[in-house]
């Protein structure tokens with residue numbers, strides 16, 4: 056999985072007044088859990104652009120005064136009106152511990168159902184995977200090549216390399232729905248087949 060680096064500064068004062076001052080300065084208060092003790096730090100709001108405002112999944116390297124920590128984004132709070140980032144929680148990664156993370160679904164292949172006029176509906180844009188940090192995928196591939204009109208693709212049909220999908224077996228990833236035009240054409244064809252041909 057791709058990684059991005061965020062440079063920040065450790066915080067000593069974590070009270071409300073100090074947190075307000077941090078936000079007023081255009082910085083985001085953050086905390087890293089998962090280690091021996093939580094690590095509080097701040098970073099420039101612009102540093103999170105590639106991490107937050109993207110459909111892609113990333114791991115993060117947080118650099119604090121030369122100290123580097125491998126983490127993943129765990130929770131983020133936005134201001135209800137301005138949409139500014141208020142706070143971010145990270146979780147520290149360990150090479151030997153599996154973690155759960157959401158990654159995007161990437162559709163590949165050509166569906167005969169879509170080519171025949173059906174409409175592809177993506178039910179799951181992201182899926183939860185469980186893996187060691189080194190095995191985290193950038194995305195989960197959904198091959199729609201076998202899908203005929205009206206077919207569904209379940210999570211059990213997805214290829215998983217060194218990671219597990221954390222969803223029930225009956226979870227539908229995507230499906231090919233019959234479009235109105237295709238349905239109308241099918242109805243007209245059925246109607247025509249029932250109507251006896253006129254004798255000349």
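Residue numbers (my numbering): 56 to 255.
For every residue, glycine included, the Cβ atom is placed at its ideal position computed from N, Cα and C.
Residue i: which of the options sits nearest, CA to CA?
i           : options            : result
residue 142 : 159, 150, 148, 133 : 133
residue 204 : 232, 198, 115      : 232
residue 175 : 124, 229, 123      : 229
residue 163 : 202, 140, 98       : 202
residue 161 : 98, 138, 192, 173  : 192
residue 120 : 65, 216, 247, 75   : 65
residue 182 : 246, 112, 117, 150 : 112
residue 129 : 56, 148, 123       : 148
residue 56  : 226, 116, 122, 68  : 116
residue 144 : 108, 179, 127      : 127
residue 110 : 244, 67, 76, 180   : 180
Ordered along the chain, which non-local residues of its own chain (more than five positions away) have a Cβ less than 6 angstroms from that of residue i?
i           : result
residue 88  : 146
residue 185 : 153, 155, 219, 221
Report yes if the C-beta of residue i is less than 7 angstroms from at least one heavy atom of the ligand PLP; otherwise report no.
i           : result
residue 231 : Of the ligands one can find in the structure shown there are none, so the ligand PLP has no counterpart to examine.
On the CB-based measure, 16 or more other CB atoms within 10 Å of its CB, does residue i come out buried or exposed?
i           : result
residue 166 : buried
residue 63  : buried
residue 197 : buried
residue 98  : buried
residue 114 : buried
residue 173 : buried
residue 210 : buried
residue 70  : exposed
In the DSSP assignment, find the alpha helix (DSSP H) that holds residue i and state where it starts and stops.
i           : result
residue 74  : 71 to 79
residue 170 : 167 to 170
Inspect the beta-carbon positions of residue i and residue j and report whether they are closer than 8 angstroms.
i           : j           : result
residue 158 : residue 194 : yes
residue 86  : residue 95  : yes
residue 125 : residue 223 : no
residue 100 : residue 140 : yes
residue 168 : residue 225 : no
residue 213 : residue 199 : no
What are the start and end residues of the beta strand (DSSP E) that includes residue i?
i           : result
residue 104 : Segment 104 to 107 is the alpha helix (DSSP H) holding residue 104; no beta strand (DSSP E) there.
residue 124 : 122 to 133
residue 186 : 181 to 186
residue 176 : 174 to 177
residue 230 : 227 to 232
For a cutoff of 8 angstroms on Cβ pairs, would you count residue i as touching chain D?
i           : result
residue 215 : The chain inventory of the structure shown lacks chain D, comprising one protein chain alone.
Ignore the nearest five residues each way along the sequence and tell me which others in residue i's own chain have a CB closer than 8 angstroms to its CB.
i           : result
residue 135 : none
residue 61  : 98, 102, 103, 106, 115, 116, 117, 118
residue 150 : 187, 188, 189
Near residue i, which residues of its chain fall below 7 angstroms by C-beta distance, leaving aside the five closest residues on each side in sequence?
i           : result
residue 59  : 105, 106, 113, 115
residue 74  : 84
residue 236 : 172
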